[in-house]
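**Q** Quick one: this structure, given as structure tokens, is what I'll be asking you about.
Protein chains: 2
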Amino acid sequence: MNPSPLQAPLSKSHRLVYEIVQEQGIGRHLAMADLFSLAQSRQPRIGFTTVYRAVTKLRDLGLISEITPHGAERAYYEPAGPAHAHFRCDRCGDVQDVDFAIPATVTTALAAQIGGAIANATVHFRGRCAECSRLEDSA
Amino acid sequence: MNPSPLQAPLSKSHRLVYEIVQEQGIGRHLAMADLFSLAQSRQPRIGFTTVYRAVTKLRDLGLISEITPHGAERAYYEPAGPAHAHFRCDRCGDVQDVDFAIPATVTTALAAQIGGAIANATVHFRGRCAECSRLEDSA
DNA sequence: TCGAAAGCGGAAGTCGTTTTCACCCCGGCG
DNA sequence: CGCCGGGGTGAAAACGACTTCCGCTTTCGA
Numbered sequence: 003m004n005p006s007p008l009q010a011p012l013s014k015s016h017r018l019v020y021e022i023v024q025e026q027g028i029g030r031h032l033a034m035a036d037l038f039s040l041a042q043s044r045q046p047r048i049g050f051t052t053v054y055r056a057v058t059k060l061r062d063l064g065l066i067s068e069i070t071p072h073g074a075e076r077a078y079y080e081p082a083g084p085a086h087a088h089f090r091c092d093r094c095g096d097v098q099d100v101d102f103a104i105p106a107t108v109t110t111a112l113a114a115q116i117g118g119a120i121a122n123a124t125v126h127f128r129g130r131c132a133e134c135s136r137l138e139d140s141a
Numbered sequence: 003m004n005p006s007p008l009q010a011p012l013s014k015s016h017r018l019v020y021e022i023v024q025e026q027g028i029g030r031h032l033a034m035a036d037l038f039s040l041a042q043s044r045q046p047r048i049g050f051t052t053v054y055r056a057v058t059k060l061r062d063l064g065l066i067s068e069i070t071p072h073g074a075e076r077a078y079y080e081p082a083g084p085a086h087a088h089f090r091c092d093r094c095g096d097v098q099d100v101d102f103a104i105p106a107t108v109t110t111a112l113a114a115q116i117g118g119a120i121a122n123a124t125v126h127f128r129g130r131c132a133e134c135s136r137l138e139d140s141a
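First to last, the protein sequences are chains A and B. Going from the first sequence to our numbering is simple: count from 1 and add 2. Going from the second sequence to our numbering is simple: count from 1 and add 2.
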């Protein structure tokens with residue numbers, strides 16, 4: 003949302019990747035290869051390594067979120083935003099957002115339970131998405 | 003705990019892997035390589051492929067659980083048991099159990115929200131474990 | 001005993017990710 | 001105006017976990 007914190011430390015290429023993720027908007031989940039394709043379509047001479055470095059930096063800066071759904075074979079990226087869970091369909095592999103987050107009171111209590119500090123919580127659901135539910139095969 | 007459901011469809015090698023996971027008990031999280039090492043120590047002629055096949059089958063049968071913590075670079079396996087969450091320390095990488103599960107009422111409501119079926123929920127926490135919290139460096 | 005089927009293990013292959021390394025652009029400085 | 005110097009860049013190789021392949025061995029029923 004706020005473009006100001008990224009003026010200083012990001013190169014032009016890194017900014018491009020950031021913009022691509024932002025433009026995809028909430029609910030879209032992009033693999034590294036997708037990001038590379040999109041970046042290439044705007045700047046054909048860009049290399050995979052540059053996109054990779056951009057993603058790594060943006061992730062470390064907290065500007066984009068990385069999700070690794072259980073059962074998926076790669077990571078996905080989305081704009082940083084309010085906490086929410088993800089649902090992955092076992093059949094078609096599609097990942098979608100779910101409006102659910104673990105309350106801070108719970109994480110606080112659990113942090114006390116383990117005696118450490120909890121920085122982050124991720125929730126993933128697996129199952130059959132709406133569309134795949136209609137096709138009642140289990141192949 | 004209950005050895006009966008595994009007599010029929012499991013070969014001797016697969017049973018060995020199952021027993022190894024069970025014997026490690028609750029709270030232990032074993033990577034594929036760990037399982038292979040442990041299996042080798044009891045049956046030196048066993049091959050990695052056999053352990054891999056055993057793990058795959060046991061996982062599909064629901065006899066063992068596979069977890070892929072966010073930030074980890076491999077999957078871990080543990081005995082199947084009551085639902086619980088996992089905590090992974092960002093510093094030392096250690097994974098430990100956390101007594102938390104998403105209520106069935108919540109998953110039911112969320113399944114309705116997405117219009118599909120939710121078969122499974124996984125919760126992962128990241129942060130600093132008790133031991134690493136004492137070492138106040140952020141390296 | 002024989003033959004089919006399942007199990008097995010070594011090795012190679014797959015694939016997403018990460019690192020390496022040399023080149024280039026772009027600034028300041030002499 | 002030309003010489004550095006350092007971050008940025010991109011092609012390619014390396015890496016590592018995971019998966020598959022293929023031929024050999026064991027098991028089991030006829």
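Glycine residues also receive a C-beta, built at the ideal position from the N, C-alpha and C atoms. Since this is a predicted model, take the numbers as computed values, not measurements.
Going by the beta-carbon positions, is the gap between A/ARG182 and A/ARG93 smaller than 8 Å?
**A** Absent from the structure is residue 182 of chain A, since the part of chain A shown begins at 3 and ends at 141.
**Q** Is A/SER13 close to chain B? Criterion is C-beta to C-beta, closer than 8 Å.
**A** Within the first sequence, numbered from 1, the residue matching residue 13 of chain A stands at position 11. Answer no: the Cβ-Cβ gap between A/SER13 and chain B never drops below 8 Å.
**Q** So which residues on chain B does A/THR110 lean against when the C-beta distance must stay under 8 Å?
**A** Taking the first residue of the first sequence as 1, we reach residue 110 of chain A at position 108. The premise fails here: A/THR110 is roughly 12 Å from chain B at the closest Cβ pair, so nothing lies under 8 Å.
**Q** Which of the three DSSP states, helix, strand or coil, is assigned to A/SER13?
**A** By 1-based counting over the first sequence, the position of residue 13 of chain A is 11. Looking at A/SER13 - three-state DSSP - the assignment turns out to be coil, as it is neither helix nor strand.
**Q** Quick check on B/ARG61 - is its C-beta less than 8 Å from some C-beta in chain A?
**A** As a working note, residue 61 of chain B is residue 59 in the second sequence. It does not: the Cβ of B/ARG61 has no partner Cβ on chain A nearer than 8 Å.
**Q** So for A/GLU75, helix, strand or coil by DSSP?
**A** Taking the first sequence and counting its residues from 1, the one referred to as residue 75 of chain A is at position 73. In this structure, A/GLU75 counts as coil in the three-state DSSP scheme.
**Q** Given that a residue counts as buried once 16 or more other Cβ atoms are within 10 Å of its Cβ, and exposed if not, what is B/PHE50?
**A** Position 48 of the second sequence, counted from the first residue, corresponds to residue 50 of chain B. Counting Cβ neighbours within 10 Å, B/PHE50 comes out exposed, since fewer than 16 surround it.
**Q** Considering Cα atoms alone, identify which of A/CYS134, A/GLY117, A/PRO84 is closest to B/ILE116.
**A** Locating residue 116 of chain B in the second sequence gives position 114, where the first residue counts as 1. Out of A/CYS134, A/GLY117, A/PRO84, A/CYS134 has the C-alpha closest to the C-alpha of B/ILE116.
**Q** Excluding the 5 residues flanking B/ILE48 on each side, which residues of the same chain have their C-beta closer than 7 Å to its C-beta?
**A** Walking along the second sequence from the start, residue 48 of chain B turns up at place 46. The residues are SER15, ALA41, GLN42.
**Q** Return the chain-ordered list of same chain residues with a C-beta closer than 6 Å to the C-beta of B/ASP99, the five sequence neighbours on each side being excluded.
**A** Locating residue 99 of chain B in the second sequence gives position 97, where the first residue counts as 1. Hits under 6 Å: GLY29, HIS86.
**Q** Would you tell me roughly how many angstroms separate the C-alpha atoms of B/PHE102 and A/MET34, rounded to the nearest one?
**A** Here residue 102 of chain B refers to the residue found at position 100 when the second sequence is read from its first residue. Here residue 34 of chain A refers to the residue found at position 32 when the first sequence is read from its first residue. Roughly 32 Å separates the two Cα atoms.
**Q** Nearest chain B C-beta to A/ALA141 closer than 8 Å, yes or no?
**A** Start at 1 with the first residue of the first sequence, and residue 141 of chain A comes out as number 139. Model confidence at A/ALA141 stands at a pLDDT of 42, short of 50, so the residue's coordinates are unreliable and nothing is read from them.
**Q** Under 8 Å by Cβ, that's how I've got B/TYR54 and B/ILE66 pegged, so tell me the actual separation to the nearest angstrom.
**A** One-based indexing of the second sequence puts residue 54 of chain B at position 52. One-based indexing of the second sequence puts residue 66 of chain B at position 64. Actually they are not in contact, since the Cβ atoms of B/TYR54 and B/ILE66 sit about 13 Å apart, beyond 8 Å.
**Q** Report yes or no: is there a C-beta of chain A within less than 8 Å of the C-beta of B/HIS31?
**A** Here residue 31 of chain B corresponds to residue number 29 of the second sequence, with the count starting at 1. False, the Cβ-Cβ gap to chain A never drops below 8 Å.
**Q** Give me, in chain order, the residues of the same chain whose beta-carbon lies closer than 8 Å to that of B/TYR20; leave out the 5 immediate sequence neighbours on both sides.
**A** Your numbering for residue 20 of chain B matches position 18 in the second sequence. So the qualifying residues of the chain are LEU8, LEU12, ALA56, LEU60, LEU65, ILE66.
**Q** Quick check: the Cα distance between B/GLU68 and A/THR107, rounded to an integer number of angstroms?
**A** Position 66 of the second sequence, counting from 1, holds the residue named residue 68 of chain B. Position 105 of the first sequence, counting from 1, holds the residue named residue 107 of chain A. One C-alpha to the other measures close to 28 Å.
**Q** To the nearest angstrom, how far is the alpha carbon of B/LEU137 from that of A/THR58?
**A** Stepping through the second sequence from its first residue, residue 137 of chain B is reached at position 135. Stepping through the first sequence from its first residue, residue 58 of chain A is reached at position 56. Each residue's alpha carbon lies about 26 Å from the other.
**Q** With 8 Å set as the bound, which would you pick, yes or no: does the beta-carbon of A/VAL125 sit closer than that to a beta-carbon of chain B?
**A** Sequence index remark: in the first sequence, residue 125 of chain A carries index 123 (1-based). It does; some Cβ of chain B falls within 8 Å.
**Q** Under three-state DSSP, which class holds B/CYS94?
**A** Locating residue 94 of chain B in the second sequence gives position 92, where the first residue counts as 1. In the structure shown, B/CYS94 sits in coil (DSSP, three-state: anything other than H, G, I, E or B).
**Q** Just to confirm my understanding: we take B/HIS31, look at its own chain, exclude 5 residues before and 5 after, and list those with CB closer than 6 Å. What are they?
**A** Sequence index remark: in the second sequence, residue 31 of chain B carries index 29 (1-based). So the qualifying residues of the chain are TYR78, GLU80, VAL97.
**Q** With respect to the beta strand (DSSP E) encompassing A/ALA123, which residues constitute its N-terminal and C-terminal limits?
**A** The residue given as residue 123 of chain A occupies position 121 in the first sequence. From DSSP, the beta strand (DSSP E) with A/ALA123 extends over 119-130.
**Q** Could you name the residues of chain B that A/VAL149 contacts, counting a contact when the two beta carbons are closer than 8 Å?
**A** Residue coverage of chain A in this structure runs from 3 to 141, which leaves residue 149 of chain A outside it and unanswerable.
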